[in-house]
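Contents: one structure, followed by commentary.
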Amino acid sequence: MDWRALMDVAFREACKAAAEGEAPIGAALFSSSGELIAKAHNRPISLNDPTGHAEVLCLRRAGEAMGNYRLPGTILAVTLEPCLMCTGAILHARVTGVVMGALDPRAGALVTNMDGSALPFTNHKVWTLHGVMESECSTLLKRFFLEKRKR
């Protein structure tokens, strides 16, 4: 599987979020064969929705496209390590794997601060891969927040 190609789709979504004034995070869901199912970017501000994270919006679109809230056999590419809320959504959707760009030392809940799928009360495990386009994803986030602080 070409992880960089998958992450590039998510990265382009993150760029859309930045252009809209949202935190530049993007997500894309693929079948195990690499076919794009859905993509989304952060929109909590524009939607006035605290659950408007890229991962959640992407999973919603995928559920609609596949006609099921369970998404087994899928791989989620996301530019930043998912938070606890998004990790919960990933587990409930039964996503098989998560490919991440940058890790999130502040709120990451799949690798950095905890492995949300390893909690004793979860009934689904997800594999993870991080560091795919890490530099690009991290730079986009840093530039966005640096510019935001300047304003």
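In UniProt numbering, the protein residues as written are 1 to 151.
C-beta atoms are modelled at their ideal positions from N, C-alpha and C, and glycine is treated no differently.
With a cut-off of 8 angstroms on the beta carbons, I'd call Ile25 and Leu80 a contact; round off their distance for me. Confirmed, Cβ separation roughly 5 angstroms.
Chain-order list of residues whose beta-carbon lies under 8 angstroms from that of Val132 (same chain, five-residue window excluded): Closer than 8 angstroms at the Cβ level, and outside the excluded window around Val132, lie Trp3, Arg4, Leu6, Met7, Ala77, Val99, Met100, Gly101.
For the putative contact between Ala19 and Val56, defined by C-beta atoms under 8 angstroms, what is the C-beta separation to the nearest angstrom? Between Ala19 and Val56 the beta-carbon gap is near 20 angstroms, outside 8 angstroms, which marks them as no contact.
Mapping the DSSP letters down to three states, classify Thr87 as helix, strand or coil. Helix.
Give me the Cα-Cα distance between Leu146 and Arg94, rounded to the nearest whole angstrom. Rounded to whole angstroms, Leu146 to Arg94 spans 36 angstroms at the Cα level.
Same chain only: Cβ atoms within 8 angstroms of Met85, ignoring 5 sequence neighbours per side: Closer than 8 angstroms at Cβ, skipping near neighbours: Thr51, His53, Val56.
Quick one, are the C-beta atoms of Ser31 and Thr74 less than 9 angstroms apart? In contact: Ser31 and Thr74 (Cβ atoms closer than 9 angstroms).
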